[in-house]
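Asks: There's a structure below that I have some questions on.
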Amino acid sequence: MINLLPSEEKAKIVLEYRIRLLTVFFIIFSLLSFILLVPLVITYLTNSYNIKYINEVAEKLVLSEGFKESSSIAKEIRDTNRKLGILTQPLGAASREKITDIFSALFKTAFEASGNGNTVKIKEISYDQLQKKTASASATSTTASKESGIHKIIVRGNANTRELFLAFLKKIEKNPNFVSIDSPVSNLVNSTNVEFTLTIILKDKAI
């Protein structure tokens with residue numbers, strides 16, 4: 007078949023074809039770029055939220071009365087919250103907020119137990135999420151049934167006297183969020199300058 011189109015028309019058709027081809031290529035490239043960028047944007051937003059959450063937690067704890075007595079705890083709490091974000095089974099924002107509230111309650115109780123020159127200081131506090139049910143141990147409170155026992159808080163601190171430590175322990179035993187509190191006999195060896203360690207098992211509904 008003889009092509010009767012003039013040369014100018016042929017050139018115009020070729021140009022339009024190339025423009026359309028470039029347009030399709032640009033659209034495909036844009037779609038692929040968008041698909042690749044979406045996970046990066048989501049990761050960035052998630053990290054930004056976690057950083058904001060940690061800062062809010064640190065500020066909230068610093069403002070609590072019990073926390074003011076021991077500024078060194080601030081670093082420990084920030085480290086704990088970073089650990090909460092990398093657990094095998096990460097906790098949601100609501101659960102992390104509940105743990106933070108429990109931490110604050112412990113600091114407040116320590117502050118309230120202090121007085122007349124005697125103090126109870128929490129030097130270290132940490133949260134751990136176990137993978138299986140914790141074995142039963144001697145506890146200072148009644149262990150409830152049908153609890154998974156995977157939510158555990160470790161508290162380490164110092165009390166001026168044994169009586170002050172026992173008063174602090176008695177107060178936290180009343181916390182409705184605790185299944186059990188394990189207080190080793192070693193906590194009662196000294197009558198003064200008592201260094202104590204407590205293992206607290208939380209109720210599932212507390213988290």
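For the sequence shown, my numbering gives the first residue as 7, with consecutive numbering after it. Glycine included, every Cβ here is placed at the ideal spot set by N, Cα and C.
In the DSSP assignment, what residue or residues form a beta bridge with G163?
Replies: According to DSSP, which records beta bridges pairwise, G163 is partnered with I128, F202.
Asks: When the Cα atoms are used, what is the spatial distance from I207 to A99?
Replies: When rounded, the distance between both Cα atoms is 20 Å.
Asks: To the nearest angstrom, how far is the alpha carbon of L27 from that of V44?
Replies: Approximately 26 Å, taken between the alpha carbons.
Asks: Checking 8 Å against the spacing of the C-beta atoms, do V126 and S120 come in under that value?
Replies: Yes.
Asks: What is the rounded straight-line gap between the Cα of E179 and the Cα of N196?
Replies: Rounded to whole angstroms, E179 to N196 spans 21 Å at the Cα level.
Asks: Check each candidate in I128, K211, S36, E169 and name the one with the smallest Cα separation from H157.
Replies: Considering only alpha carbons, the answer is K211.
Asks: Spell out the partners DSSP gives K158 in its beta bridges.
Replies: In DSSP, K158 forms a bridge with D134, I207.
Asks: Tell me which same chain residues have a C-beta within less than 6 Å of the C-beta of I105, skipping the five on either side of it?
Replies: Result list for I105: Y133, in chain order.
Asks: Starting from S186, trace the beta strand (DSSP E) both ways and give me its first and last residue.
Replies: Counting along the chain, the beta strand (DSSP E) containing S186 begins and ends at 184 to 188.
Asks: What are the residues that DSSP puts in a beta bridge with G121?
Replies: Paired residues: N124.
Asks: Smallest Cα separation from S192: which of I25, I34, T203, Y23?
Replies: Closest option to S192, Cα to Cα, is T203.
Asks: Give me the Cα-Cα distance between L21 and E15, rounded to the nearest whole angstrom.
Replies: If you take the alpha carbons of L21 and E15, they lie about 10 Å apart.
Asks: Taking only the alpha-carbon atoms, compute the straight-line gap between S154 and F117 and give it to the nearest angstrom.
Replies: Approximately 31 Å, taken between the alpha carbons.
Asks: Pull up the distance between the alpha-carbon of L170 and that of N124, whole angstroms please.
Replies: If you take the alpha carbons of L170 and N124, they lie about 8 Å apart.
Asks: How big is the Cα-Cα spacing for R168 and L136?
Replies: In a straight line, the C-alpha of R168 is about 31 Å away from that of L136.
Asks: Helix, strand or coil, according to DSSP, for I108 in the structure here?
Replies: Here I108 sits in helix by DSSP.
Asks: Classify A17 as buried or exposed, calling it buried when 16 or more other Cβ atoms lie within 10 Å of its own Cβ.
Replies: Per the 10 Å Cβ criterion, exposed.
Asks: Could you check whether E130 and R102 sit closer than 8 Å to each other, using their CB atoms as the reference points?
Replies: No, the Cβ-Cβ distance between R102 and E130 is not below 8 Å.
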